[in-house]
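Those protein sequence lines, which keep their order, are chains Z and G. Count along the first sequence from 1, add 945, and you get the number used in the numbering used here. Count along the second sequence from 1, add 371, and you get the number used in the numbering used here. From the three backbone atoms N, C-alpha and C, an ideal C-beta is built for every residue, glycine too. Taking it in order: structure first as structure tokens, then the write-up.
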Amino acid sequence: MLKLTKYILYDITRNKVIIAYTLFLFIISFSMFQMEENSSKAMMSLLNIVLIVLPLVSLVFTTIHYYNSYEFIELMLSQPMSRKRILISEFSGISTSLLLAFLIGVGIPVLIFAPGSIGYSILFTGMSLTLVFTSLAFLASVISRDKARGIGFSLLLWFYFAIIYDGLVLLILFNFSDYPLEKLTLLLSSLNPIDLGRVFIMLKMDESALMGYTGALYKDFLGSGTGMLFVSAVMVLWIVMPLWLALQKFRRKDL
Amino acid sequence: MVIRLEHIRKKFRRLQALDDVNVKFESGQVISLVGPNGSGKTTLIKSILGMVHPDSGKVFVDDEWINGDPSYREKIGYMPQVGRYPDNMKIGQLFNMLLHLRKPIENRIDRDLIQQFELEKIFEKPMRTLSGGTRQKVSAAIAFLFDPAILILDEPTAGLDPLASEILKEKILEEKKKDKMVLISSHILSDLEELTSHIMYMQEGKMLFFKDIASLKEETGEIRLGKAVAGIMKGKEYNNSWISRMLNPRPTEKIY
């Protein structure tokens, strides 16, 4: 299975978009640490980049790459290779290259300027989000027939997870503020990997003291060892489920 | 080696791409799959390759019903209509990758076309820099690379220059002599005339006839293949406007 991944990886790491993305991340992270005296402030800005830009780039790049490789996938299908193997090789090739871009672009500056638990959790969240949104992009591309629809679907997913979802959660919290909602908010944030990542990192920072009773509950749960386990498990689910659905769909698809 | 299609039907939304196709191809035959655009030629090829799942009916390759297991494709070499390869991969790497993935026995590797198309000279060029015709040459070389018993070529000469097209024809003739099965889809009849042993004619997803050349000529009394096909069509009053267009091409249309 890894043989095909190796060649796909070779191709993508020479892709101009991936190189530009790596440079962009590197310059942004580097300059943030340079500009802010206080490294925790720099981390805060970096957090926003990780939560907004990473999912967007993962989604759009993966979708476009899938459609550009369509004829190549066809060629691979005419070889004695199973569809599962081909799709998983594509997934591992793309996700590995996006992970590499993130680790070079953000990982190196973080390890130089702010090694520590906050830094590591940013790296953990960034890597998880890259995998989650690559997986979601595969689902979107396999479901949609043409490139325009596929990219549209991917952008819609990004809007939903990065912007619309928070609005919906606020709406719920505001309307039902008379009830005890602490456990519900915990559940709601696991339904959105971006939110989950944000909460996970915020709790490592001093700012979590401002989050009141809900913050205390979060800290109690997510700050503990089980919390770490819980976050990892939810992230793994978010990676595996869309990819599994995409595989099921891809098996029955006409190419 | 036999390919058998039994009652294959396939519908894409409103378009009936294949409508109850029954046919049997055998080793030693060079079959021209002819028909107007959108008549279901590519869909037929793709259902043999397992890329399209028929709504009903079965495809047998070498008496095995193809049902998910990809191993039967070892016997098939496929040249697609449009070949596109990863932008930054080099030509040499593409061939290495395929050899690496398939691990064939060394003396079963057929590098004839790589040599004749002089692809080795450009092994270091990345795929994105290649012209459409060169990509077609790469696709052709890949189809023949593993010396498969069945060759499926989808519009093979469409983007090739006359010289390359001639090399490919020679190669097909050579394989025919080795008792292989060659399935060629094309809408340019004159292009295939010297190679073909059988003609399968499709229109609107239906197979209208599958005949060997000798009986086709006998029935119509025509010597030229294109005219023979047109003769049959006229007799049966099918929509044959595209055939007469092909036989009397306007000077601007290229026909090699």
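Straight-line gap, residue i to residue j (C-alpha atoms, nearest Å)
i	j	result
L1032(Z)	V1179(Z)	23 Å
L376(G)	V453(G)	25 Å
L386(G)	M578(G)	16 Å
F1145(Z)	K1164(Z)	9 Å
V995(Z)	L949(Z)	30 Å
F1175(Z)	L1116(Z)	26 Å
L1100(Z)	P1187(Z)	16 Å
G406(G)	G576(G)	10 Å
I997(Z)	S557(G)	50 Å
E541(G)	G504(G)	18 Å
V430(G)	G421(G)	9 Å
L1074(Z)	N1120(Z)	30 Å
L1265(Z)	L1132(Z)	The structure shown does not extend to residue 1265(Z), since chain Z is modelled only from 946 to 1200, so the question has no answer here.
P1138(Z)	L1167(Z)	14 Å
V509(G)	L490(G)	8 Å
D1111(Z)	I1184(Z)	21 Å
F1098(Z)	I1009(Z)	12 Å
Q464(G)	H471(G)	10 Å
L1148(Z)	I1088(Z)	37 Å
L970(Z)	S1034(Z)	26 Å
S1023(Z)	S985(Z)	53 Å
I1096(Z)	L1200(Z)	18 Å
A520(G)	K547(G)	10 Å
A987(Z)	D458(G)	37 Å
Q979(Z)	K1092(Z)	40 Å
S1066(Z)	E1019(Z)	40 Å
F1047(Z)	N993(Z)	14 Å
Y1196(Z)	A512(G)	Inspection of the sequence shows that residue 1196(Z) is occupied by Arg rather than by Tyr. Cα-Cα distance, rounded: 28 Å.
R473(G)	D483(G)	18 Å
D518(G)	P475(G)	10 Å
A599(G)	E589(G)	9 Å
P1125(Z)	S1135(Z)	18 Å
T1202(Z)	S1177(Z)	Here chain Z comprises residues numbered 946 to 1200, so residue 1202(Z) is not present and cannot be evaluated.
L1113(Z)	L1141(Z)	15 Å
E526(G)	P1060(Z)	59 Å
Y456(G)	K1198(Z)	21 Å
M1173(Z)	K1194(Z)	32 Å
Range of the contiguous alpha helix (DSSP H) that encloses residue i
i	result
L947(Z)	L947 to T958
M980(Z)	K961 to M980
E526(G)	No alpha helix (DSSP H) holds E526(G); DSSP gives it neither H nor E.
F383(G)	Where F383(G) is concerned, there is no enclosing alpha helix (DSSP H), although the beta strand (DSSP E) it sits in stretches over V373 to F383.
Q1201(Z)	Look at the range of chain Z in this structure, 946 to 1200, and you will see that residue 1201(Z) is not part of it.
D1201(Z)	For residue 1201(Z) there is no data in the structure shown, the boundaries of chain Z being 946 and 1200.
N1013(Z)	S984 to N1013
Y1110(Z)	Y1110 to N1120
T1130(Z)	E1127 to S1135
Q1024(Z)	Unbroken run through Q1024(Z): none, as it is neither H nor E.
L516(G)	G503 to L516
Contact set for residue i: own chain, Cβ-Cβ below 8 Å, skip 5 residues either direction
i	result
L404(G)	K412, L415, I416, L554, I555, S556, S557, M571 and M573
D391(G)	H378, I379, R380, G428 and K577
M460(G)	M468, P497 and M498
S410(G)	M573, Q574, E575 and G576
G1064(Z)	M988, V1055 and L1056
S418(G)	L376, I379, K381, L389, H424, P425 and V430
A1107(Z)	L996, I997, P1000, L1001 and I1139
Neighbourhood of residue i by C-beta, 7 Å cutoff - its chain only, sequence neighbours within 5 removed
i	result
Q637(G)	What is shown of chain G runs 372 to 627, which leaves residue 637(G) out entirely.
A514(G)	G448, Y449, M450, L522 and L524
L1190(Z)	L1084
S568(G)	Q400, V401, D583 and I584
L1192(Z)	K1029 and L1032
Q487(G)	I538
M977(Z)	A987, S990 and L991
V962(Z)	F1006
Residue interval of the beta strand (DSSP E) (run including residue i)
i	result
R482(G)	From DSSP, R482(G) is part of no beta strand (DSSP E); its letter is neither H nor E.
S403(G)	V401 to V405
K395(G)	L386 to E397
Contacts around residue i, its chain only, beta-carbon distance under 6 Å, and the 5 residues preceding and following it disregarded
i	result
Y952(Z)	none
P622(G)	Residue confidence for P622(G) is low, a pLDDT of 47 falling below 50, so the modelled location carries little weight; the figure read from the coordinates is stated next. Contacts found: none.
F580(G)	Y572
Residue i Cβ short of 7 Å to the ligand PLP heavy atom set
i	result
L1115(Z)	Among the components of this structure there are no ligands whatsoever, and the ligand PLP is therefore not found.
Exercise. May I ask you to verify whether the segment 1045-1058 of chain Z touches the segment 383-400 of chain G, counting CB pairs closer than 8 Å and requiring at least 3?
Key: no
Practice problem: Taking only runs that begin and end inside the segment 544-596 of chain G, name each unbroken beta strand (DSSP E) of 3 or more residues, in chain order. | Solution: 552-557, 569-574 and 577-583
Quiz item: What are the start and end residues of each continuous beta strand (DSSP E) run of 3 or more residues lying completely inside the segment 1033-1108 of chain Z, in chain order?
Solution: none
Quiz item: Unbroken alpha helix (DSSP H) runs of length 4 or more, entirely within the segment 410-462 of chain G: which are they?
Solution: 412-419
Exercise. Decide if the segment 1002-1021 of chain Z is in contact with the segment 1100-1113 of chain Z; the criterion is three or more beta carbon pairs, one per stretch, under 8 Å apart.
Key: yes
Practice problem: Kindly confirm or deny that the segment 1030-1049 of chain Z and the segment 956-967 of chain Z touch, where touching means at least three C-beta pairs closer than 8 Å. | Solution: yes
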